[in-house]
Amino acid sequence: MSNKPVRVGLIGLGRMGQNHLRVLSLLKSVELVFIADADEATAQRLGKQFDVNGVADVGSVLDTADAVVICTPTVTHAEYIRLVAGKVRNIFVEKPLADTLEEAALVARFATEQGLNLQVGFIERFNPAVQSLKQVLDKSERVISIDFTRTNKLSARITDVDVVTDLMIHDIDLALYLNGPARSVAAHGFAHGAMTDFASALITHENGRFSRIQASRITEKKMRLIEATCVDMFVDCELLRKEIIISRQSEIRQAEGQPYTISAVQEAIEVRPQEALLSELQAFVASCQGQLSEDVPGVQDGLVAMQICEDIQKAVASS
(Lines of atoms letter the chains of each structure in order from A and count residues from 1; the text may use other names and numbers.)
(Lines give C-alpha, C1' and ligand atoms only; values in the text may rest on other atoms or scores of the structure.)
Protein backbone atom coordinates (compact mmCIF):
# COMPACT_ATOMS: atom_id res chain seq x y z
CA MET A 1 0.00 0.00 0.00
CA SER A 2 1.34 3.42 -0.97
CA ASN A 3 0.56 6.77 0.63
CA LYS A 4 1.95 8.73 -2.30
CA PRO A 5 -0.60 10.93 -4.12
CA VAL A 6 -2.34 9.07 -6.92
CA ARG A 7 -1.82 10.72 -10.31
CA VAL A 8 -5.33 11.02 -11.75
CA GLY A 9 -6.58 12.03 -15.19
CA LEU A 10 -10.17 13.08 -15.89
CA ILE A 11 -11.93 12.49 -19.21
CA GLY A 12 -15.19 14.33 -19.89
CA LEU A 13 -15.92 17.86 -18.68
CA GLY A 14 -19.70 18.09 -18.87
CA ARG A 15 -21.81 18.86 -15.78
CA MET A 16 -20.88 15.64 -13.95
CA GLY A 17 -17.28 15.80 -15.12
CA GLN A 18 -16.91 19.29 -13.69
CA ASN A 19 -18.28 18.05 -10.36
CA HIS A 20 -15.57 15.38 -10.38
CA LEU A 21 -12.99 18.02 -11.29
CA ARG A 22 -14.02 20.18 -8.33
CA VAL A 23 -13.75 17.30 -5.85
CA LEU A 24 -10.55 15.80 -7.30
CA SER A 25 -8.86 19.19 -7.08
CA LEU A 26 -9.58 19.24 -3.32
CA LEU A 27 -8.19 15.80 -2.47
CA LYS A 28 -4.72 15.83 -0.93
CA SER A 29 -4.34 12.16 -1.92
CA VAL A 30 -4.67 13.12 -5.61
CA GLU A 31 -2.32 14.79 -8.05
CA LEU A 32 -4.50 15.83 -10.98
CA VAL A 33 -2.25 15.39 -14.02
CA PHE A 34 -4.65 16.08 -16.90
CA ILE A 35 -8.24 16.86 -17.83
CA ALA A 36 -9.59 16.04 -21.28
CA ASP A 37 -12.65 16.81 -23.37
CA ALA A 38 -13.58 16.61 -27.04
CA ASP A 39 -14.16 20.37 -26.79
CA GLU A 40 -10.55 21.52 -26.58
CA ALA A 41 -11.53 25.09 -25.67
CA THR A 42 -13.41 23.82 -22.60
CA ALA A 43 -10.49 21.61 -21.60
CA GLN A 44 -8.01 24.47 -21.86
CA ARG A 45 -10.29 26.97 -20.09
CA LEU A 46 -10.84 24.64 -17.13
CA GLY A 47 -7.18 23.63 -17.25
CA LYS A 48 -6.17 27.23 -16.66
CA GLN A 49 -8.77 27.65 -13.92
CA PHE A 50 -7.57 24.55 -12.03
CA ASP A 51 -3.89 24.80 -13.03
CA VAL A 52 -3.83 21.43 -14.79
CA ASN A 53 -3.02 20.26 -18.31
CA GLY A 54 -6.22 20.52 -20.42
CA VAL A 55 -6.22 18.53 -23.67
CA ALA A 56 -8.47 17.05 -26.35
CA ASP A 57 -6.12 14.18 -27.27
CA VAL A 58 -6.35 11.68 -24.39
CA GLY A 59 -3.88 9.24 -25.91
CA SER A 60 -1.02 11.71 -25.60
CA VAL A 61 -1.30 12.04 -21.80
CA LEU A 62 -2.40 8.63 -20.49
CA ASP A 63 1.14 7.57 -19.59
CA THR A 64 1.27 10.39 -17.00
CA ALA A 65 -1.56 8.90 -14.91
CA ASP A 66 -1.94 6.12 -12.34
CA ALA A 67 -5.73 6.28 -12.54
CA VAL A 68 -8.39 7.72 -14.84
CA VAL A 69 -11.93 8.95 -14.18
CA ILE A 70 -14.32 8.67 -17.16
CA CYS A 71 -17.32 11.04 -17.22
CA THR A 72 -18.10 10.99 -20.94
CA PRO A 73 -21.50 10.22 -22.56
CA THR A 74 -22.71 6.66 -21.90
CA VAL A 75 -22.28 5.53 -25.50
CA THR A 76 -18.53 6.20 -25.26
CA HIS A 77 -17.82 4.45 -21.94
CA ALA A 78 -16.72 1.12 -23.44
CA GLU A 79 -14.50 2.82 -26.00
CA TYR A 80 -12.70 4.91 -23.38
CA ILE A 81 -12.29 1.98 -20.97
CA ARG A 82 -10.51 0.01 -23.70
CA LEU A 83 -8.38 3.02 -24.65
CA VAL A 84 -7.38 3.82 -21.09
CA ALA A 85 -6.66 0.17 -20.20
CA GLY A 86 -3.74 0.19 -22.62
CA LYS A 87 -1.84 2.42 -20.21
CA VAL A 88 -3.75 2.58 -16.90
CA ARG A 89 -5.10 -0.22 -14.68
CA ASN A 90 -7.18 1.90 -12.26
CA ILE A 91 -10.37 3.20 -13.89
CA PHE A 92 -13.48 4.89 -12.56
CA VAL A 93 -16.43 5.10 -14.98
CA GLU A 94 -19.70 6.89 -14.37
CA LYS A 95 -22.84 4.77 -14.45
CA PRO A 96 -24.08 2.97 -16.46
CA LEU A 97 -21.14 0.75 -17.33
CA ALA A 98 -22.06 0.85 -21.05
CA ASP A 99 -24.99 1.78 -23.26
CA THR A 100 -26.17 -1.80 -23.87
CA LEU A 101 -26.12 -5.05 -21.92
CA GLU A 102 -24.11 -6.75 -24.67
CA GLU A 103 -21.44 -4.05 -24.52
CA ALA A 104 -21.42 -4.14 -20.71
CA ALA A 105 -20.80 -7.91 -20.79
CA LEU A 106 -17.88 -7.40 -23.19
CA VAL A 107 -16.44 -4.67 -20.96
CA ALA A 108 -16.78 -6.87 -17.87
CA ARG A 109 -14.97 -9.73 -19.60
CA PHE A 110 -12.27 -7.36 -20.86
CA ALA A 111 -11.79 -5.85 -17.37
CA THR A 112 -11.39 -9.31 -15.84
CA GLU A 113 -8.95 -10.46 -18.52
CA GLN A 114 -6.88 -7.27 -18.15
CA GLY A 115 -6.95 -7.33 -14.35
CA LEU A 116 -8.42 -3.85 -14.15
CA ASN A 117 -9.41 -2.14 -10.93
CA LEU A 118 -12.66 -0.75 -12.35
CA GLN A 119 -15.16 1.14 -10.17
CA VAL A 120 -18.65 2.04 -11.46
CA GLY A 121 -20.18 5.34 -10.39
CA PHE A 122 -23.14 4.22 -8.29
CA ILE A 123 -22.90 7.33 -6.14
CA GLU A 124 -25.94 6.58 -3.96
CA ARG A 125 -24.02 3.83 -2.15
CA PHE A 126 -21.93 6.66 -0.73
CA ASN A 127 -24.87 8.82 0.29
CA PRO A 128 -24.45 9.08 4.09
CA ALA A 129 -28.20 8.48 4.49
CA VAL A 130 -27.87 5.15 2.65
CA GLN A 131 -24.90 4.17 4.79
CA SER A 132 -26.88 4.94 7.97
CA LEU A 133 -29.93 3.11 6.58
CA LYS A 134 -27.85 0.00 5.90
CA GLN A 135 -26.63 -0.01 9.51
CA VAL A 136 -30.25 0.23 10.72
CA LEU A 137 -31.46 -2.58 8.44
CA ASP A 138 -28.54 -4.83 9.34
CA LYS A 139 -29.79 -4.72 12.95
CA SER A 140 -33.43 -5.41 12.06
CA GLU A 141 -35.10 -8.61 13.18
CA ARG A 142 -36.18 -9.15 9.58
CA VAL A 143 -36.46 -6.94 6.50
CA ILE A 144 -39.52 -7.77 4.41
CA SER A 145 -39.55 -5.19 1.62
CA ILE A 146 -37.87 -1.95 0.56
CA ASP A 147 -39.57 0.66 -1.64
CA PHE A 148 -37.51 3.07 -3.76
CA THR A 149 -38.92 6.21 -5.42
CA ARG A 150 -36.84 8.43 -7.69
CA THR A 151 -38.26 11.20 -9.89
CA ASN A 152 -36.63 14.10 -11.73
CA LYS A 153 -38.29 16.11 -14.50
CA LEU A 154 -34.96 17.66 -15.49
CA SER A 155 -33.50 14.29 -16.49
CA ALA A 156 -35.89 14.27 -19.49
CA ARG A 157 -33.25 16.46 -21.14
CA ILE A 158 -31.00 13.40 -21.34
CA THR A 159 -31.76 11.81 -24.69
CA ASP A 160 -29.20 8.99 -25.03
CA VAL A 161 -30.65 6.76 -22.25
CA ASP A 162 -34.16 6.17 -20.87
CA VAL A 163 -35.40 6.57 -17.30
CA VAL A 164 -34.36 2.99 -16.45
CA THR A 165 -30.66 3.43 -17.24
CA ASP A 166 -30.62 7.11 -16.25
CA LEU A 167 -32.46 7.17 -12.89
CA MET A 168 -33.75 3.72 -11.92
CA ILE A 169 -30.35 2.06 -12.22
CA HIS A 170 -29.25 3.87 -9.03
CA ASP A 171 -32.02 2.17 -7.05
CA ILE A 172 -31.51 -1.15 -8.80
CA ASP A 173 -27.95 -1.10 -7.47
CA LEU A 174 -29.17 -0.04 -4.02
CA ALA A 175 -31.77 -2.83 -4.01
CA LEU A 176 -29.05 -5.39 -4.71
CA TYR A 177 -26.70 -3.73 -2.20
CA LEU A 178 -29.31 -3.76 0.59
CA ASN A 179 -31.35 -6.87 -0.26
CA GLY A 180 -28.92 -9.16 -2.06
CA PRO A 181 -29.02 -10.93 -5.46
CA ALA A 182 -32.24 -10.96 -7.49
CA ARG A 183 -34.26 -14.09 -8.24
CA SER A 184 -36.89 -12.56 -10.53
CA VAL A 185 -37.96 -9.21 -12.00
CA ALA A 186 -41.39 -7.93 -13.07
CA ALA A 187 -42.18 -4.45 -14.37
CA HIS A 188 -44.54 -2.13 -16.20
CA GLY A 189 -44.25 1.45 -17.36
CA PHE A 190 -44.93 4.25 -19.82
CA ALA A 191 -42.91 5.05 -22.92
CA HIS A 192 -42.92 8.28 -24.92
CA GLY A 193 -41.86 7.15 -28.37
CA ALA A 194 -38.87 4.80 -28.08
CA MET A 195 -37.85 6.07 -24.63
CA THR A 196 -39.31 4.76 -21.36
CA ASP A 197 -40.11 7.77 -19.15
CA PHE A 198 -41.86 6.00 -16.25
CA ALA A 199 -41.15 2.54 -14.88
CA SER A 200 -42.24 0.51 -11.87
CA ALA A 201 -40.49 -2.75 -11.03
CA LEU A 202 -40.73 -5.52 -8.47
CA ILE A 203 -37.56 -7.47 -7.69
CA THR A 204 -37.87 -10.68 -5.71
CA HIS A 205 -34.56 -11.46 -4.06
CA GLU A 206 -32.97 -14.84 -3.40
CA ASN A 207 -33.30 -14.32 0.36
CA GLY A 208 -37.08 -13.80 0.08
CA ARG A 209 -37.04 -10.01 0.40
CA PHE A 210 -38.75 -7.69 -2.10
CA SER A 211 -37.69 -4.42 -3.69
CA ARG A 212 -40.32 -2.17 -5.28
CA ILE A 213 -38.72 0.48 -7.47
CA GLN A 214 -40.42 3.41 -9.19
CA ALA A 215 -38.63 5.92 -11.41
CA SER A 216 -40.08 8.81 -13.42
CA ARG A 217 -38.86 11.74 -15.44
CA ILE A 218 -42.37 13.01 -16.23
CA THR A 219 -43.12 13.83 -12.58
CA GLU A 220 -42.83 17.53 -11.73
CA LYS A 221 -41.77 16.87 -8.13
CA LYS A 222 -38.20 15.76 -7.47
CA MET A 223 -38.13 12.84 -5.01
CA ARG A 224 -35.50 10.47 -3.65
CA LEU A 225 -37.12 8.16 -1.11
CA ILE A 226 -36.43 4.77 0.45
CA GLU A 227 -39.01 3.12 2.71
CA ALA A 228 -38.26 -0.16 4.45
CA THR A 229 -40.89 -2.46 5.94
CA CYS A 230 -39.47 -4.71 8.66
CA VAL A 231 -41.19 -6.98 11.16
CA ASP A 232 -39.98 -4.77 14.01
CA MET A 233 -40.08 -1.28 12.44
CA PHE A 234 -40.82 0.93 9.45
CA VAL A 235 -38.02 3.14 8.17
CA ASP A 236 -38.38 6.36 6.15
CA CYS A 237 -35.20 7.52 4.44
CA GLU A 238 -35.19 10.85 2.56
CA LEU A 239 -32.06 10.97 0.43
CA LEU A 240 -32.26 14.63 -0.59
CA ARG A 241 -32.60 15.96 2.97
CA LYS A 242 -30.58 13.03 4.33
CA GLU A 243 -33.14 12.20 7.02
CA ILE A 244 -34.04 8.83 8.54
CA ILE A 245 -37.10 8.28 10.73
CA ILE A 246 -37.81 4.92 12.41
CA SER A 247 -41.35 4.11 13.53
CA ARG A 248 -41.78 1.33 16.08
CA GLN A 249 -45.07 0.09 17.51
CA SER A 250 -45.00 0.37 21.29
CA GLU A 251 -48.37 -0.76 22.59
CA ILE A 252 -52.08 -1.15 21.90
CA ARG A 253 -54.48 0.42 24.42
CA GLN A 254 -58.24 -0.05 24.73
CA ALA A 255 -60.41 1.29 27.52
CA GLU A 256 -63.62 -0.59 28.20
CA GLY A 257 -66.23 0.35 25.64
CA GLN A 258 -63.77 2.55 23.70
CA PRO A 259 -61.98 2.00 20.37
CA TYR A 260 -58.41 0.83 20.69
CA THR A 261 -55.46 3.12 20.04
CA ILE A 262 -51.99 2.24 18.86
CA SER A 263 -49.17 4.37 20.19
CA ALA A 264 -45.99 4.35 18.16
CA VAL A 265 -42.54 5.58 18.96
CA GLN A 266 -40.59 7.53 16.35
CA GLU A 267 -36.89 8.11 16.45
CA ALA A 268 -34.68 10.14 14.16
CA ILE A 269 -31.30 8.78 13.13
CA GLU A 270 -28.50 11.30 12.89
CA VAL A 271 -26.90 11.30 9.45
CA ARG A 272 -23.39 12.71 9.25
CA PRO A 273 -22.94 15.55 6.73
CA GLN A 274 -20.75 14.26 3.91
CA GLU A 275 -20.76 14.82 0.15
CA ALA A 276 -21.40 11.50 -1.57
CA LEU A 277 -19.14 12.31 -4.53
CA LEU A 278 -16.27 13.08 -2.16
CA SER A 279 -16.71 9.73 -0.38
CA GLU A 280 -17.01 7.93 -3.71
CA LEU A 281 -13.79 9.38 -5.10
CA GLN A 282 -11.95 8.82 -1.81
CA ALA A 283 -12.95 5.15 -2.04
CA PHE A 284 -11.63 5.01 -5.61
CA VAL A 285 -8.32 6.59 -4.65
CA ALA A 286 -8.01 4.19 -1.70
CA SER A 287 -8.55 1.24 -4.04
CA CYS A 288 -5.78 2.58 -6.29
CA GLN A 289 -3.54 2.49 -3.20
CA GLY A 290 -4.47 -1.14 -2.48
CA GLN A 291 -7.21 -0.53 0.09
CA LEU A 292 -10.09 -2.56 -1.37
CA SER A 293 -13.64 -2.65 0.04
CA GLU A 294 -16.54 -4.99 -0.72
CA ASP A 295 -18.93 -2.01 -0.55
CA VAL A 296 -17.31 -0.34 -3.56
CA PRO A 297 -19.29 -1.15 -6.75
CA GLY A 298 -17.13 -2.96 -9.28
CA VAL A 299 -17.54 -4.09 -12.85
CA GLN A 300 -19.70 -7.12 -11.97
CA ASP A 301 -22.07 -4.84 -10.03
CA GLY A 302 -22.32 -2.66 -13.12
CA LEU A 303 -23.05 -5.68 -15.30
CA VAL A 304 -25.75 -7.15 -13.02
CA ALA A 305 -27.48 -3.76 -12.79
CA MET A 306 -27.49 -3.58 -16.61
CA GLN A 307 -29.01 -7.07 -16.81
CA ILE A 308 -31.88 -6.04 -14.56
CA CYS A 309 -32.30 -2.80 -16.53
CA GLU A 310 -32.78 -4.85 -19.68
CA ASP A 311 -35.26 -7.17 -17.96
CA ILE A 312 -37.28 -4.12 -16.90
CA GLN A 313 -37.09 -2.49 -20.32
CA LYS A 314 -38.33 -5.68 -22.00
CA ALA A 315 -41.18 -6.00 -19.49
CA VAL A 316 -42.22 -2.37 -20.04
CA ALA A 317 -42.08 -2.77 -23.83
CA SER A 318 -44.40 -5.76 -23.65
CA SER A 319 -46.83 -4.25 -21.13
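All residue numbers for the sequence shown refer to this note's numbering, where the first residue is 1 and numbers rise by one.
Note that the Cβ used here is the ideal one computed from N, Cα and C, for glycine as well.
Taking the alpha carbon of Asp63 as the reference point, which residue from Lys134, Arg89, Gly47 and Asn19 has its own alpha carbon closest? Residue 63 sits at position 63 when you count from the first residue of the sequence shown. The residue with the shortest Cα to Cα distance from Asp63 is Arg89.
Give me, in chain order, the residues of the same chain whose beta-carbon lies closer than 6 Å to that of Leu118; leave out the 5 immediate sequence neighbours on both sides. Your numbering for residue 118 matches position 118 in the sequence shown. Answer for Leu118: Ile91, Ala111 and Val299, listed in chain order.
Take every Cβ of the segment 138-157, pair it with every Cβ of the segment 226-241, and state whether three or more of those distances are shorter than 8 Å. Yes, the segment 138-157 is in contact with the segment 226-241.
If you follow the alpha helix (DSSP H) that Leu83 is in, where does it begin and where does it stop? Here residue 83 refers to the residue found at position 83 when the sequence shown is read from its first residue. Bounds of the alpha helix (DSSP H) holding Leu83 are His77 to Ala85.
Measure the beta-carbon distance from Ala43 to Gly54 and round it to whole angstroms, keeping in mind my assumption that it falls under 8 Å. Against the sequence shown, residue 43 aligns to sequence position 43. Against the sequence shown, residue 54 aligns to sequence position 54. With a beta-carbon spacing of about 4 Å, Ala43 and Gly54 fall inside the 8 Å limit used to define contacts.
Quick one: any contact between the segment 186-202 and the segment 95-111, if contact means 3 or more CB pairs under 8 Å? Touching, no, given that fewer than three Cβ pairs across the two stretches are closer than 8 Å.
Do you know offhand how far Ile11's Cα is from Ala264's? Your numbering for residue 11 matches position 11 in the sequence shown. Your numbering for residue 264 matches position 264 in the sequence shown. Approximately 51 Å between the Cα atoms of the pair.
Selected residue, minimal CA-CA separation from Ala36, among Ser25, Leu27 and Val61: Within the sequence shown, the letter at position 36 stands for residue 36. Among Ser25, Leu27 and Val61, the Cα nearest to that of Ala36 is on Val61.
Sequence ranges, beta strand (DSSP E) only - wholly within the segment 109-154, length at least 3: The DSSP assignment places complete beta strand (DSSP E) segments of no fewer than 3 residues inside the segment 109-154 at 117-121 and 143-151, in order along the chain.
To the nearest angstrom, report how far apart Pro73 and Glu40 are at their CA atoms. Your numbering for residue 73 matches position 73 in the sequence shown. Your numbering for residue 40 matches position 40 in the sequence shown. Straight through space, the alpha carbons of Glu40 and Pro73 are spaced by roughly 16 Å.
Considering only residues of the same chain and omitting the five flanking positions on each side of Gly14, which have a CB-CB separation below 7 Å? By one-based count along the sequence shown, residue 14 stands at place 14. Cys71.
I need the boundaries of the beta strand (DSSP E) containing Met195, first residue and last residue. For the purposes of this step, residue 195 is taken as residue 195 along the sequence shown, with counting starting at 1. Met195 to His205 is the extent of the beta strand (DSSP E) around Met195.
Can you tell me the Cβ-Cβ gap for Leu174 and Arg217, rounded? I've got them flagged as a contact below 8 Å. Residue 174 sits at position 174 when you count from the first residue of the sequence shown. Residue 217 sits at position 217 when you count from the first residue of the sequence shown. At roughly 18 Å, the Cβ-Cβ gap does not stay under 8 Å, so Leu174 and Arg217 are not in contact.
Same chain, Cβ closer than 7 Å to Ser140, neighbours up to 5 away in sequence not counted: One-based indexing of the sequence shown puts residue 140 at position 140. Around Ser140: Cys230, Asp232 and Met233.
If I follow the unbroken beta strand (DSSP E) through Gln289, where does it start and stop? The count along the sequence shown starts at 1 and reaches residue 289 at position 289. Bounds of any beta strand (DSSP E) do not take in Gln289, whose DSSP letter is neither H nor E.
Val299 - containing alpha helix (DSSP H), residue span: In the sequence shown, residue 299 corresponds to position 299, counting from 1. According to the DSSP assignment, Val299 belongs to the alpha helix (DSSP H) that extends over Val299 to Ser318.
Count the other CB atoms within 10 Å of the CB of Thr261; is the residue buried (16 or more) or exposed (fewer)? Locating residue 261 in the sequence shown gives position 261, counting from the first residue. Exposed is the label assigned to Thr261, since fewer than 16 other Cβ atoms lie within 10 Å of its Cβ.
Between the C-alpha atoms of Leu303 and Ala104, what's the straight-line distance to the nearest angstrom? Sequence index remark: in the sequence shown, residue 303 carries index 303 (1-based). Sequence index remark: in the sequence shown, residue 104 carries index 104 (1-based). Taking the Cα positions, Leu303 is about 6 Å away from Ala104.
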